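S.K.:
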Amino acid sequence: MAKRTAGAAAVLMALLGCASAIGVAGEPDRAARLAEYRRPNAIPFPETNPYSQAKAELGRALFFDADLSRDGSRACASCHLPSLDWTDDRPRAMRNDGRPMAVRTPTLLDIAWIERSLGWDGRFRDLEAVAFVPLSAPTNMNVPDSLLVERLNAMPTYAAAFRSAFPEAADEARPVTRRRIEQALATFQRLIVAGPAPFDAWAAGDPTAVSPAAKRGFDLFTGKAGCAACHSGSSFTDGSFHDIGTASGDDIGRGRFFPTSTALRYAFKTPTLRNVARRPPYMHDGSATGLAEVVELYDRGGIDRPSRSRDIRPLNLSAGEKADLIAFLESLTDSGADGPAHRPITAEPPRP
């Protein structure tokens with residue numbers, strides 16, 4: 052009997068030792084995964100449109116000015132509201148006639164890191180290329196570029212601001228051009244950065260910054276649930292396009308530009324998850340009303356079709372696992388009205 056007890060004890064100790072080793076190995080593994088999501092130290096600005104304080108201040112003025120629409124009724128900030136994390140709360144963006152557009156207003160959060168192939172379908176090569184699409188669209192701001200350039204050149208305050216922001220225009224009688232409008236707006240928008248969230252404090256080494264549920268949710272996010280396959284990096288997006296098995300109908304997303312590609316049919320751009328808990332509804336068409344509904348969609352695996360991403364499949368998550376995932380997503384929420392775009396613009400490029 053004593054020998055049996057000793058043997059059982061030895062087996063138990065071996066099992067405990069194995070479990071202990073797994074625990075020790077698990078923590079460094081989690082630390083490595085956390086490191087992949089740490090915030091960068093600087094906001095990137097392209098060489099073709101470098102940062103300057105004057106340009107950023109001009110871009111801020113333009114972004115909030117309804118004079119950029121034909122009838123003075125809309126500004127960029129009419130759809131990209133700072134108080135709503137630089138988007139709006141509608142399932143789909145609103146046209147100037149009160150009817151809905153085809154897609155939801157995308158947030159501008161962290162746009163400086165994810166501006167390759169912008170738009171839900173990736174139609175814009177960079178941030179500068181976006182500006183005049185909503186500006187000139189008849190159903191949006193409805194102002195042709197020639198009219199807007201003429202209007203701003205006739206305003207002494209704007210003429211002076213453009214001369215200050217673009218030194219090469221210092222002696223020009225008409226310093227406002229389409230290209231300079233694009234560059235000023237893009238410079239300001241690159242300052243639209245999510246503020247620090249509890250997750251960032253945890254990733255930086257504070258073990259008390261998030262709840263145990265959020266930690267389990269992160270392990271699911273980067274493990275069993277497979278979310279990290281698309282939601283990677285400090286902004287929680289790969290900046291690419293995927294069919295996640297939810298879209299249907301005539302809008303085939305990225306596929307409209309690549310009609311022979313099976314993989315890009317119904318593929319839409321992966322959005323950032325920064326402040327995601329504050330930004331319902333979700334999906335490119337606003338079809339999911341809350342995070343619980345989003346998690347359920349992924350758990351089902353969406354529509355099984357040839358274009359569906361290989362990373363999308365039924366997950367069979369338990370109720371507790373779904374709750375943990377949501378707890379993790381909530382840990383990505385900053386304190387509100389945060390980030391460089393909410394602060395006084397500085398002479399040096401601000402840090403995130």
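Numbering of the sequence shown is given in our numbering, commencing with residue 52 and proceeding in unit increments.
Here a beta-carbon is modelled for each residue, glycine too, at the ideal position from N, C-alpha and C.
Because the structure is a prediction, the values reported are computed rather than measured.
1) Straight-line CA distance for Val327 to Asn204?
2) Could you have a look at Lys373 and say whether DSSP puts it in helix, strand or coil?
3) By the 10 Å Cβ neighbour count, where 16 or more other Cβ atoms means buried, how is Val261 classified, buried or exposed?
4) Could you tell me which uninterrupted beta strand (DSSP E) segments, each at least 3 residues in length, are contained entirely in the stretch 136-177, listed from first to last along the chain?
5) Kindly identify the DSSP beta-bridge partner or partners of Ala280.
6) Out of Ala252, Val181, Ala392, point me to the one whose CA is closest to Arg241's CA.
7) How many Å lie between Ala93 and Val244 at the Cα?
8) Have a look at Val62 and Arg81 and give me their C-alpha separation to the nearest angstrom.
9) Measure the alpha-carbon distance for Arg121 versus Met206 and round it to whole angstroms.
10) Take Asp374 and list the residues in its own chain whose beta-carbon comes closer than 7 Å to its own, dropping the five residues that flank it on each side.
11) Would you call the CB atoms of Asp140 and Pro322 closer than 9 Å?
12) Taking just the CA atoms, how far does Ala224 sit from Leu324?
13) Among Arg143, Lys320, Asp302, Leu159, which one has its Cα closest to the Cα of His293?
14) Return helix, strand or coil for Gly268, following the three-state DSSP convention.
15) Spatial neighbours of Leu194 within its chain, please: CB distance less than 7 Å, with the 5 preceding and 5 following residues excluded, ordered by chain position.
16) Would the stretch 373-389 and the stretch 247-254 be scored as touching if the rule is three or more Cβ pairs under 8 Å?
17) Evaluate Val181 with the Cβ neighbour count: other Cβ atoms within 10 Å of its Cβ, from every protein chain shown; 16 or more gives buried, anything less gives exposed.
18) Throw me the rounded Cβ distance for the Leu368 and Ala276 pair, which I believe falls under 8 Å.
19) Using a 10 Å radius around the Cβ and a threshold of 16 neighbouring Cβ atoms, would you call Leu159 buried or exposed?
20) Suppose contacts are defined by Cβ-Cβ distances below 9 Å. Is Ala221 in contact with Gly110 by that definition?
21) Go to Glu344, then tell me how far its alpha helix (DSSP H) extends in each direction, as first and last residue.
22) Run through DSSP, which three-state label would Gly390 get?
23) Looking at the structure shown, is Gly274 part of a helix, part of a strand, or coil, going by DSSP?
24) Which residue marks the beginning of the alpha helix (DSSP H) containing Thr238, and which one marks its end?
M.R.: In short, the structure shows the following:
1) Mapped onto the sequence shown, residue 327 falls at position 276. Mapped onto the sequence shown, residue 204 falls at position 153. Roughly 39 Å between the two C-alpha positions.
2) Position 322 of the sequence shown, counted from the first residue, corresponds to residue 373. Three-state result, Lys373: helix.
3) To locate residue 261, count along the sequence shown from 1; it is residue 210. Classification for Val261: buried.
4) none
5) As a first step, residue 280 is located in the sequence shown; it is residue number 229 there, counting from the start. Partner(s): none; Ala280 has no beta bridge.
6) Locating residue 241 in the sequence shown gives position 190, counting from the first residue. With distances taken between Cα atoms, Arg241 lies closest to Ala392.
7) For the purposes of this step, residue 93 is taken as the residue at position 42 of the sequence shown. For the purposes of this step, residue 244 is taken as the residue at position 193 of the sequence shown. So the alpha carbons of these two residues sit roughly 11 Å apart.
8) By 1-based counting over the sequence shown, the position of residue 62 is 11. By 1-based counting over the sequence shown, the position of residue 81 is 30. Because the pLDDT at Val62 is just 37, under 50, the model does not fix this residue reliably, and the point stays unresolved.
9) Translated into the one-based positions of the sequence shown, residue 121 becomes position 70. Translated into the one-based positions of the sequence shown, residue 206 becomes position 155. Those two C-alpha atoms are separated by around 15 Å.
10) Residue 374 sits at position 323 when you count from the first residue of the sequence shown. The question names Asp, yet the displayed sequence has Ala at residue 374. Non-local beta-carbon contacts of Ala374 in its own chain, meaning distances under 7 Å to residues more than five positions away in sequence, involve Ala264 in chain order.
11) Here residue 140 corresponds to residue number 89 of the sequence shown, with the count starting at 1. Here residue 322 corresponds to residue number 271 of the sequence shown, with the count starting at 1. No, these two residues do not count as a Cβ contact at 9 Å.
12) For the purposes of this step, residue 324 is identified with residue 273 of the sequence shown, where counting begins at 1. For the purposes of this step, residue 224 is identified with residue 173 of the sequence shown, where counting begins at 1. Straight-line Cα distance between these residues: approximately 45 Å.
13) Translated into the one-based positions of the sequence shown, residue 293 becomes position 242. Here the closest residue by C-alpha is Lys320.
14) For the purposes of this step, residue 268 is identified with residue 217 of the sequence shown, where counting begins at 1. The answer is helix: DSSP assigns Gly268 an H, G or I state.
15) Taking the first residue of the sequence shown as position 1, residue 194 is located at position 143. A quick correction: the sequence has Val, not Leu, at residue 194. Excluding residues within five positions, the ones whose Cβ falls inside 7 Å are Leu119, Ser120, Arg121, Leu186, Ser187.
16) Contact between the stretch 373-389 and the stretch 247-254 is present: three or more C-beta pairs spanning the two stretches fall below 8 Å.
17) What you label residue 181 is simply residue 130 of the sequence shown in a count that begins at 1. Flag for Val181 reads buried.
18) Taking the first residue of the sequence shown as 1, we reach residue 368 at position 317. Taking the first residue of the sequence shown as 1, we reach residue 276 at position 225. Their Cβ separation, rounded to whole angstroms, is 7 Å, which keeps Leu368 and Ala276 in contact under 8 Å.
19) Start at 1 with the first residue of the sequence shown, and residue 159 comes out as number 108. Answer is buried; the Cβ neighbour count reaches 16.
20) Working through the sequence shown from its first residue, we reach residue 221 at position 170. Working through the sequence shown from its first residue, we reach residue 110 at position 59. The answer is no: Cβ separation not under 9 Å.
21) Within the sequence shown, residue 344 is the residue found at index 293, counting from 1. It spans 342-351 - the alpha helix (DSSP H) in which Glu344 sits, taken as one unbroken run.
22) The residue you call residue 390 lines up with position 339 of the sequence shown. DSSP places Gly390 in coil when its eight states are reduced to three.
23) Your numbering for residue 274 matches position 223 in the sequence shown. In the three-state reduction of the DSSP assignment, Gly274 falls in the coil class, being assigned neither a helical nor a strand state.
24) Walking along the sequence shown from the start, residue 238 turns up at place 187. Note, Thr238: alpha helix (DSSP H), 229-240.
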